[in-house]
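Engineer: Residue numbers (this note's numbering), protein chains in the order written: chain A, 5 to 258; chain B, 83 to 707. The structure under discussion is supplied below as structure tokens; questions concerning it will follow.
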Amino acid sequence: MSSGSMSDTVLQVEGLHKAFGGVQAVADVSFAVSAGEMLALIGPNGAGKSTCFNMLNGQLVPDAGIVRLAGRDIVGLRPRAVWRLGVGRTFQITATFASLSVRENVQMALYSHAGRLRSMLQRFGAAFRTEADALLAQVGMLDQADRTCGVLAYGDLKRVELAMALANDPRLLLMDEPTAGMAPRERVELMELTATLARARNIAVLFTEHDMDVVFSQADRIIVLDRGQLIAGGTPAEVRANPNVRAVYLGGTH
Amino acid sequence: MTFASIIIQLLNGLAAASSLFLVSAGLSLIFGVTRIVNFAHGSLYMLGLYGAYSLIEALGRTPFGFWSAVILAALAVGLVGIAIEVLVLRRIYRAPELFQLLATFAVVLVIKDIALFTWGAEDLVGPRAPGLSMAVEILGKRIPAYDLLLIAIGPVVLGVMWLLLTRTRWGALVRAATQDREMVGALGVDQAKLFTSVFFVGSVLAGLGGALQIPREPANLELDLAIIADAFVITVVGGLGSITGAFLAAVIIGVAKAFCIGIGTVTWFGFEISFSKLTLVVEFLIMAVVLVARPYGLLGKPQAVQRIAADPVPPLTAPSWKIALVWVVLLLGVPLVADRYITIMLTDIVCFALFAVSLHFIMGPAGMVSFGHAAYFGLGAYAGGLLLKRAGLPMEAALLLAPLCAGAFAVVYGWFCVRLSGVYLAMLTLAFAQISWSIVFQWDSFTGGSNGLFGIWPSAWLAGKTTYYYLALACCGTGIALLWRVLFSPFGAALRAGRDSPLRAEAIGIDLRGFQWAAFVLVGALAGLAGSVYAFSKGSISPSTISIGQSTDGLIMVLLGGVETLTGPVVGAAVYTWVRDAVARHTEFWRAVMGGIILLIVLLFPQGLVGGLKALFLRWKEARA
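In structure tokens form, the structure reads like this:
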């Protein structure tokens with residue numbers, strides 16, 4: 005399959021493999037995400053979702069396979085290089101800068117995007133204030149912009165992460181369990197917000213998720229991973245009806 | 083080298099390795115379970131030697147007296163370990179790690195003076211082991227019988243430790259806690275008892291290592307920091323928390339040292355290479371190579387993630403220029419009213435303040451703890467002196483070029499250091515400081531060796547004590563202002579961000595290593611400036627400006643003031659320098675007094691002086707409101 009065959013394919017993954025010792029964590033996984041699409045990657049614990057994710061943004065190097073971002077092979081690039089190509093990322097356990105304020109966290113991403121972090125004598129925080137506030141307004145965190153991230157509630161940290169991930173105007177968002185640790189209502193809110201932003205900005209979103217309500221209500225398409233292999237894929241309705249998926253989730257493997 | 087001499091050097095190395103292994107195994111065990119970097123571990127070793135010496139005198143120089151003394155000394159040191167754990171460390175397990183470090187420094191100071199008080203300042207030469215004072219002939223060379231016994235003791239202790247750790251319930255708990263301390267606590271294990279027992283066993287090992295050395299090495303007061311450097315190297319090379327790793331590393335390093343002595347000076351391709359001079363450096367070279375190839379040591383594993391994260395570091399508040407201005411005016415005015423003595427002391431304080439602020443920059447906001455920051459202070463001092471004496475530069479040029487030399491060393495050392503993190507990083511900085519120290523110490527013809535350099539005085543127009551004080555204030559004040567400015571720049575913010583979350587920093591495109599390397603060089607250069615200003619104020623430099631003692635002084639200043647505040651290091655430097663001077667004028671035992679004061683502060687103000695006073699002030703304001 006040649007890249008660019010679909011003009012709006014943002015991420016294309018082909019034949020991804022990764023083994024740890026003797027354990028085949030991810031085996032021959034292929035899929036694609038298009039601009040403005042919400043693709044959910046689901047599967048039971050230990051199915052290989054996080055491994056899969058970490059290979060997409062350069063934290064892990066796959067044993068085999070191709071990862072194309074807008075047609076360009078990004079395997080072997082470091083996470084920071086992948087980010088520079090327009091991939092935003094949120095983590096399963098939030099990772100923000102706890103000693104900086106909410107606004108400064110977002111400004112950090114904006115400074116980095118603009119390549120302006122090397123200055124040693126300017127004052128940090130003077131630039132990109134408006135831009136940071138605009139992003140914070142989009143995720144509903146503007147009223148807490150001056151608070152230190154270290155004191156925020158978990159759900160709010162997730163929003164800050166989202167704002168940071170959006171700061172480099174990404175074409176692809178990778179969200180690893182974006183709603184883990186949140187209250188059920190917050191979960192749907194956060195993913196609705198993500199979906200709205202993704203469609204408005206034409207961003208491709210790939211997310212993993214344990215909460216099936218969130219998955220089936222927010223995803224445009226779903227792919228299912230079990231023991232390292234893709235066992236199903238399609239619209240929420242198709243996946244819901246798929247006997248393999250039913251076996252994995254209901255058939256006693258868990 | 084002949085085959086026979088190779089075997090002999092091998093045996094020498096193995097004999098030396100035994101005591102090193104015992105000390106390091108204890109250190110590793112204690113670190114594995116409690117996560118405390120116990121600087122006082124070397125002091126326990128020293129007490130082992132002194133204790134064995136006195137007990138042998140009391141029990142008689144018979145085989146029975148000797149061996150009872152060795153065992154009793156080890157057990158007594160174990161009791162001292164228990165006392166340290168129960169009286170000091172247990173109270174601060176919840177305090178930040180660095181504060182526990184400060185407490186162990188204080189214990190080092192106190193124990194050194196107790197030893198000075200009890201045994202005096204003279205080296206004490208112990209007896210040879212009764213019944214084992216003969217030599218055994220091996221391949222035509224004579225080897226002391228006692229050395230052969232030591233060679234056997236290492237593996238025996240390793241075996242006993244292995245049985246203890248794998249075959250007893252206590253051992254299972256220790257291994258579990260080394261892997262995941264929180265989980266062991268969550269399972270209802272009495273952590274206090276476990277920690278105390280681990281401290282006891284670790285301290286007995288240190289004491290035994292010391293006591294067994296008494297026939298080979300005189301008991302003296304410098305052993306504490308000397309052996310702790312060796313023990314750090316061995317535990318880090320072997321992998322923190324791994325007893326077998328410690329044994330392996332002790333053997334490798336013991337044998338390497340023995341061969342360096344044995345080879346002596348050789349000529350290769352017309353170059354004379356003195357291997358015996360490498361002896362002091364070789365272990366640190368091994369460590370640097372091992373850590374770069376295997377960042378967690380030979381048999382170590384990455385440290386377990388702590389789930390209950392420490393409280394997030396509070397945000398830094400930018401310095402107020404108004405308050406700074408008031409201070410500058412006050413400091414400018416001091417020589418008008420103060421005598422010569424105070425002016426000289428203030429000059430010292432100003433130098434140490436820049437030294438401490440540069441150390442704070444790297445260990446606080448940049449999150450890279452350095453145990454060897456004196457390297458840059460000392461190299462700056464030597465660079466200034468050497469540029470004046472050997473290169474014949476004018477003093478003004480030497481003073482200002484010295485920081486660049488220190489910075490150049492930081493470029494090399496930093497490149498290695500930023501590849502590591504946490505304790506391993508700290509140990510590697512210590513290693514580089516020791517390498518620098520031993521080169522300076524041994525290169526008589528260039529650096530003046532152990533005597534140092536003399537006659538490095540400022541130019542005539544700067545020679546007055548008051549004038550020089552103003553020069554120091556200008557140089558160091560500018561340095562401090564620059565570092566504080568950088569902390570609040572995009573560069574400084576990126577460093578703080580990287581300390582908070584390296585993962586997130588990388589995920590938003592920050593080349594954290596590059597930033598950390600640049601920070602390393604910056605603080606190295608400025609510590610070098612402090613050293614160079616200091617050297618010209620004294621007129622002489624000795625290798626002690628690069629020593630571990632100087633590095634720990636810097637750490638004490640930063641931690642005493644409070645690592646989470648900006649002004650803390652300055653206050654710490656001033657208080658420490660002043661109190662040390664004031665106490666030293668009244669008593670020979672100033673270390674014990676300093677140690678006692680630090681311990682009090684540690685127990686009363688776990689956020690450092692400035693942090694503690696701030697908290698008190700806030701409470702007072704709340705009470706009034």
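Glycine included, each C-beta is placed from N, C-alpha and C at the ideal position.
Determine the direct distance from the alpha carbon of A/G75 to that of A/T134, and round the result to whole angstroms.
Structural biologist: 33 Å
Engineer: For a contact meaning CB atoms closer than 8 Å, what does A/A99 contact in chain B?
Structural biologist: S583, L585, R586, A589
Engineer: With respect to the alpha helix (DSSP H) encompassing B/I683, which residues constitute its N-terminal and C-terminal limits?
Structural biologist: 672-686
Engineer: Taking B/L468 as the reference, which of B/D526, B/A448, B/R662 has the closest Cα?
Structural biologist: Of all alpha-carbon atoms in B/D526, B/A448, B/R662, the one lying nearest the alpha-carbon of B/L468 is that of B/D526.
Engineer: Identify every residue that forms a DSSP beta bridge with B/P226.
Structural biologist: B/A217
Engineer: From A/G19 to A/L60, what does the alpha carbon distance come to, in whole angstroms?
Structural biologist: 13 Å
Engineer: Looking only at C-alpha atoms, which of B/G323, B/S503, B/V189, B/R586 sits nearest to B/A122?
Structural biologist: Minimum Cα distance to B/A122 is reached at B/V189.
Engineer: I want to verify the contact list: residues of chain A whose CB lies under 7 Å from the CB of B/I592, in sequence order.
Structural biologist: Result: R84, S116, L121.
Engineer: Note down, in chain order, every chain A residue with its Cβ under 8 Å from the Cβ of B/G574.
Structural biologist: Ordered by position in chain A, the residues that pass the 8 Å Cβ test against B/G574 are M124, F128.
Engineer: Leaving out the 5 sequence neighbours to the left and right, which residues in its chain are closer than 8 Å to B/W201 when beta-carbon positions are compared?
Structural biologist: Y132, Y135, S136, A301
Engineer: Are B/I89 and B/T186 close, meaning C-beta to C-beta below 9 Å?
Structural biologist: no
Engineer: State the CB to CB distance for the pair A/V86 and A/I78, rounded to an integer number of angstroms; the pair is presumed to be in contact (CB under 8 Å).
Structural biologist: 6 Å
Engineer: So B/S285 is in the alpha helix (DSSP H); what residue range does that whole segment cover?
Structural biologist: 273-295
Engineer: Got a sec: is the Cβ-Cβ distance from A/M145 to anything in chain B below 9 Å?
Structural biologist: no
Engineer: Can you confirm whether A/R93, when its beta carbon is compared against all beta carbons of chain B, has any partner nearer than 9 Å?
Structural biologist: yes
Engineer: Return yes when the Cβ of B/L428 is within less than 9 Å of the Cβ of B/A420, no when it is not.
Structural biologist: Yes.
Engineer: At a Cβ threshold of 9 Å, is A/E196 touching chain B?
Structural biologist: no
Engineer: Step through the CB atoms of chain B and report whether any lies within less than 9 Å of the CB of A/R175.
Structural biologist: Answer no: the Cβ-Cβ gap between A/R175 and chain B never drops below 9 Å.
Engineer: Please tell me whether A/A23 and A/D67 are closer than 9 Å, where the distance is taken between their beta carbons.
Structural biologist: yes
Engineer: Based on Cα-Cα distance, which residue from B/L96, B/G236, B/L294 lies nearest to B/I334?
Structural biologist: B/L96
Engineer: Helix, strand or coil for B/L109? Go by DSSP, reduced to three states.
Structural biologist: B/L109: helix per DSSP, three-state reduction.
Engineer: A/T152 CB to nearest chain B CB: under 9 Å?
Structural biologist: Interface residue (Cβ-Cβ distance to chain B less than 9 Å): A/T152 is classified as such.
Engineer: Against chain C, does A/M168 count as a neighbour if the rule is that its beta carbon must be under 9 Å from one of theirs?
Structural biologist: Structure shown: chain C not included; protein chains present are A and B.
Engineer: Between B/F282 and B/L92, what straight-line distance do the alpha-carbon atoms span, to the nearest angstrom?
Structural biologist: 32 Å
Engineer: Could you tell me whether the Cβ atoms of B/L102 and B/A313 are closer together than 9 Å?
Structural biologist: yes
Engineer: For A/M112 and chain B, any beta-carbon pair shorter than 9 Å?
Structural biologist: yes
Engineer: If you draw a straight line from the alpha carbon of B/V451 to that of B/G504, how long is it in whole angstroms?
Structural biologist: 7 Å
Engineer: Which of helix, strand or coil does DSSP assign to B/D47?
Structural biologist: Lying before the first or after the last residue shown, residue 47 of chain B is absent from chain B, which here runs from 83 to 707.
Engineer: Compare the Cα-Cα distances from A/S54 to each of A/G237, A/N246, A/A245, A/R231 and report the closest residue.
Structural biologist: A/R231
Engineer: Are the beta-carbon atoms belonging to B/V115 and B/F277 less than 9 Å from one another?
Structural biologist: yes
Engineer: Looking only at its own chain, which residues have a Cβ that is under 7 Å from the Cβ of B/A456, when we skip the five neighbours before and after it?
Structural biologist: A515, T627, I628, S629, Q632, S633, G636
Engineer: According to a CB-to-CB cut-off of less than 8 Å, which residues of the region 538-571 of chain B neighbour chain A?
Structural biologist: R567, V568, F570, S571
Engineer: Determine the burial state of A/P83: buried for a count of at least 16 other Cβ atoms within 10 Å of its Cβ, exposed for fewer.
Structural biologist: A/P83 should be labelled buried.
Engineer: For a contact meaning CB atoms closer than 8 Å, what does A/S54 contact in chain B?
Structural biologist: Here the premise fails: no neighbours, minimum Cβ distance about 13 Å.
Engineer: Apart from the five residues on each side of it in sequence, which residues of its chain come closer than 8 Å, Cβ to Cβ, to A/L104?
Structural biologist: Here the set comprises M112, T152, C153.
Engineer: Pick helix, strand or coil for B/E646, following the three-state DSSP scheme.
Structural biologist: coil
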